[in-house]
Amino acid sequence: MSPDMKMTHIKTMADDDHVITWSKSSGTMNGQKMEMTAVEIAKFKDGKAIEHWMYMDPKDMMKMMSPATEHKMDDMPAKDTTKM
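Start counting the sequence shown at 44; every next residue gets the next number (the numbering used here).
As structure tokens, then:
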């Protein structure tokens with residue numbers, strides 16, 4: 044993990060039993076500065092989270108994994124996963 048990780052919640056919204064959070068994280072990972080934005084959705088029942096989904100840009104995720112994999116994502120086109 045990143046020893047200097049900082050997370051900022053940009054917006055949190057609730058609708059019935061779902062809570063949506065838009066956040067931004069920054070820190071140092073594998074010796075490199077990283078920054079990413081994520082959207083998380085949690086579904087609650089009886090006061091407990093029963094489901095959780097998270098979306099991050101694949102390029103941001105690859106930057107966290109390894110400096111060697113970073114260039115492989117640079118030429119990858121964005122894919123619309125909402126139509127799968």
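Ideal Cβ positions, reconstructed from N, Cα and C, are used throughout, including at glycine.
Note that the structure is a prediction, hence the values are computed from the model and not measured.
Review point. Taking the C-alpha atoms as reference points, what is the distance between Met-127 and Met-79?
Key: Annotation note: pLDDT 48 at Met-127 (below 50); position unreliable, no value reported.
Review point. Are the beta-carbon atoms belonging to Ala-85 and Ser-68 less than 8 Å from one another?
Key: Contact: no.
Exercise for review: Would you mind sorting Met-108 into buried or exposed? The rule is 16 or more other CB atoms within 10 Å of its CB.
Suggested key: By the 10 Å Cβ count, Met-108 comes out exposed.
Review point. Which of the three DSSP states, helix, strand or coil, is assigned to Val-89?
Key: For clarity, residue 89 is Asp in the given sequence; the question names Val instead. Three-state result, Asp-89: coil.
Practice item. Determine the DSSP secondary structure at Asp-100, reduced to helix, strand or coil. Key: Three-state DSSP puts Asp-100 in coil, outside helix and strand.
Exercise for review: Measure the CB-CB distance between Met-48 and Gly-74 and report whether it falls below 8 Å.
Suggested key: Against a cut-off of 8 Å, the Cβ pair of Gly-74 and Met-48 comes out as no contact.
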